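When we follow full-length UniProt numbering, the leftmost residue of the sequence shown carries the number 1, and every step to the right adds one. Quick reminder that beta carbons are idealized off the backbone N, C-alpha and C, glycines included. These figures come from a predicted structure and were not determined experimentally. What follows is a set of notes on a single structure, which appears directly below.
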Amino acid sequence: PKGITTRMFKALMSKDHPEFSSNRQQDAQEFFLHLINLVEVFTMAKLGYGLLSGQYSKPPAKCEIIEQVMKEEHKPKGITTRMFKALMSKDHPEFSSNRQQDAQEFFLHLINLVERNSTGLENPSDVFRFLVEERTQCCQSRKVRYTERVDHIMQLPVAMEAATNKDELIAYDLKRREAESAKRPPPELVRAKIPFSACLQAFTEPDNVDDFWSSALQAKSAAVKTSRFASFPEYLVIQIKKFTFGLDWVPKKLDVTVDMPDILDINHLRAKGLQPGEEELPDIAPPIVIPEDPKDRFRNQFMEPPDIDESSVMQLAEMGFPLEACRKAVYYTGSMGAELAFNWIIAHMEDPDFAEPLTIPGGAANSSALPSYGQTALANQPPEEIVALISSMGFQRNQAIQALRATNNNLERALDWIFSHPESEEECVNTSQAIDSEINQNGILTNNDEGSRIKDGNGRYELFAFVSHVGTSTMSGHYVCHIKKEGRWVIYNDHKVTSSERPPKDLGYLYFYHRLLG
């Protein structure tokens, strides 16, 4: 009989797959999961082709326009932002919903997706990747500690105290109060005008660290921390931290204008490392404090709240992360500072219970869940039972660990990852060791191999795009984007695309700069 046989279908779907392209007996469920993965890859390829080819950006023919007008269905054809978001947000508990989301969080989500799924020689997200040098100085011993961490966004605080129109703001506030008491319409909005130089100055100012554990004193002490660029990325993303909390801890948006420059030079923010005359803090980890069993200490239904550094919690919450996730991050890193907690958040953003309320471990028996110094590194280890299961199938242990880390500890996807990434045992061992060295006891990136992924260069940039939040509340509104195309600005507002004569560069939330050569 003529027709499409199952063998033809299987040969086409299994092409280049090390297992399914063979004549060995295979599992139907694994083949089905392989087909689902192919569908996702095909959908992604179709979207990528549609965006890059320009086939869907052409104006319709005259006859098509007449037909659309006659039917009153004049809708532009093309790839909508909703299609892209639906594909990128698939299976994500927050971004797959219709709730209001943060553009900075979604950008980090995209970076995370690219990091996890990049299989080429170069990772596309490396163009945003840069190293931050953090210098922490103990106020008592005057000794210092230098650490480096990877980041993708430069976050600038809004220096409200540096507003240049304070008199106008005071007058506006009085008029607004009078209008509210008289039940009249509010006056015309007056925004605070913040110089960009003030925001940049606030970024460079030292931060106080109240409960810093000093290895020189073997005790907690006050410290100051400063951040500088250990490298400059090819593309610099700047976030103006407009979303914060009021005195009543209610989220609010700072309605301000910032005079963002078209040409930006941050070469003066280059890190210089350990300076002559500075003495480093000893490389000694703080003691691990394990609390007593609550059942032995409390015989009633009430328990003391966990010792959580609320200042670190609020510092993370201002970045846009869920409050409960921030509390868990600070708790599981032993309240050792916002930087360690931030690394914990990045490593656990895809967890199903990421934003669920913090559940305190019941006792010392569950010591693996207790706060400890370096918990981030321990959390990076896949479950031993899944590693053993994959190893029992004949794969190397290091290969199993690498596959699980690349697929968020999903057994089926890890097996498919192994089949699609055949490599020798020696290569796998080297890769696994590189991943292990990525996070040291402090949970801070120190591996020198990461330097090969850093595209360092000149610190002069030119603005080419920015994203703005339209609305007065953190819980509503939408985003629009401006991109500089062929010397002119174009606004993208969902499916509405048009030229922008006066782009509101002072009202942006995320700004994108590209490096200038020379």
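Exposed or buried, what is residue i when buried is set at 16 or more other beta-carbons lying within 10 Å of its beta-carbon?
i, result
"residue 519", "Residue 519 is absent from the model: the chain starts at 1 and stops at 518."
"Y332", "buried"
"D210", "exposed"
"L517", "exposed"
"G54", "exposed"
"G451", "Note that G451 scores 49 on pLDDT, short of 50, meaning its location in the model is unreliable; the coordinates nonetheless yield the value given after this. Exposed, because fewer than 16 other Cβ atoms sit within 10 Å of the Cβ of G451."
"K90", "exposed"
"Q25", "exposed"
"R129", "buried"
"Q100", "exposed"
"L87", "exposed"
"P503", "buried"
"W249", "exposed"
"Q239", "buried"
"G457", "exposed"
"Q140", "exposed"
"L507", "buried"
"D262", "exposed"
Quick one: Cα of residue i to Cα of residue j, how far?
i, j, result
"V330", "S311", "10 Å"
"E180", "A406", "55 Å"
"R413", "F107", "24 Å"
"Y49", "T43", "10 Å"
"F245", "D353", "24 Å"
"A338", "L217", "21 Å"
"H109", "F342", "14 Å"
"L316", "P233", "23 Å"
"S500", "T204", "34 Å"
"L236", "Y513", "5 Å"
"S96", "A285", "40 Å"
"K328", "L113", "23 Å"
"M393", "S22", "17 Å"
"T498", "F84", "20 Å"
"M70", "A163", "54 Å"
"T257", "M160", "11 Å"
"G471", "C481", "14 Å"
"P382", "F419", "19 Å"
"A222", "F212", "6 Å"
"K10", "I454", "42 Å"
"K183", "E486", "49 Å"
"D494", "Y172", "33 Å"
"G477", "L264", "29 Å"
"D255", "K193", "10 Å"
"K484", "L269", "26 Å"
"K58", "T119", "32 Å"
"L35", "F464", "40 Å"
"L247", "E318", "13 Å"
"G374", "Q155", "Note that G374 scores 38 on pLDDT, short of 50, meaning its location in the model is unreliable; the coordinates nonetheless yield the value given after this. Cα to Cα, the separation comes out at about 25 Å."
CB-CB under 7 Å to residue i, same chain, minus the five flanking residues each way: which ones, in chain order?
i, result
"E168", "V190"
"P186", "R176, A179"
"P357", "E324"
"A230", "L131, V132, E133, E148, A271"
"P251", "F243, F245, T474"
"Q29", "none"
Sorted by chain position, which residues of the same chain lie with C-beta nearer than 8 Å to residue i's C-beta, five sequence neighbours on each side aside?
i, result
"A103", "V467, H469, Y479, Y509, L510"
"I79", "L47, G50, L51, Y56"
"A355", "P93, E94, P322, E324, A325"
"S391", "R397, A400"
"P157", "C199, A202, F203, K241"
"L274", "V144, Y146, E280"
"E417", "The question names Glu, yet the displayed sequence has Trp at residue 417. Hits under 8 Å: A403, A406, T407."
"V387", "R397, A400, I401, L404"
"R7", "none"
"L389", "L411"
Based on the DSSP output, what are the partners of residue i in its beta bridges?
i, result
"H478", "V470"
"V158", "Per DSSP, none; premise fails for V158."
"Q239", "Q155, L510"
"L220", "The amino acid occupying residue 220 in the given sequence is Lys; Leu does not appear at that position. Beta-bridge pairing links K220 to W213."
"P465", "The question names Pro, but residue 465 is Ala in the sequence shown. In DSSP, A465 forms a bridge with I483, F512."
"K272", "DSSP lists no partner for K272."
"Y146", "R135"
"S499", "V490"
"V313", "V313 pairs with nothing; no bridge assigned."
"D265", "R460"
Go through its chain and collect everything with a Cβ distance to residue i's Cβ below 6 Å, but skip five positions before and after it.
i, result
"L281", "K143, R145, S215, A216"
"I435", "Because I435 sits at a pLDDT of 43, beneath the cut-off of 50, its placement in the model cannot be relied upon, and the point is left open."
### Task
Mind the definition here: the region 193–205 touches the region 124–144 only if three or more C-beta pairs lie below 8 Å; say whether that holds.
no
### Query
Taking three-plus beta-carbon pairs below 8 Å as touching, is the region 129–140 in contact with the region 148–162?
In short, these stretches touch, since the Cβ pair count reaches three.
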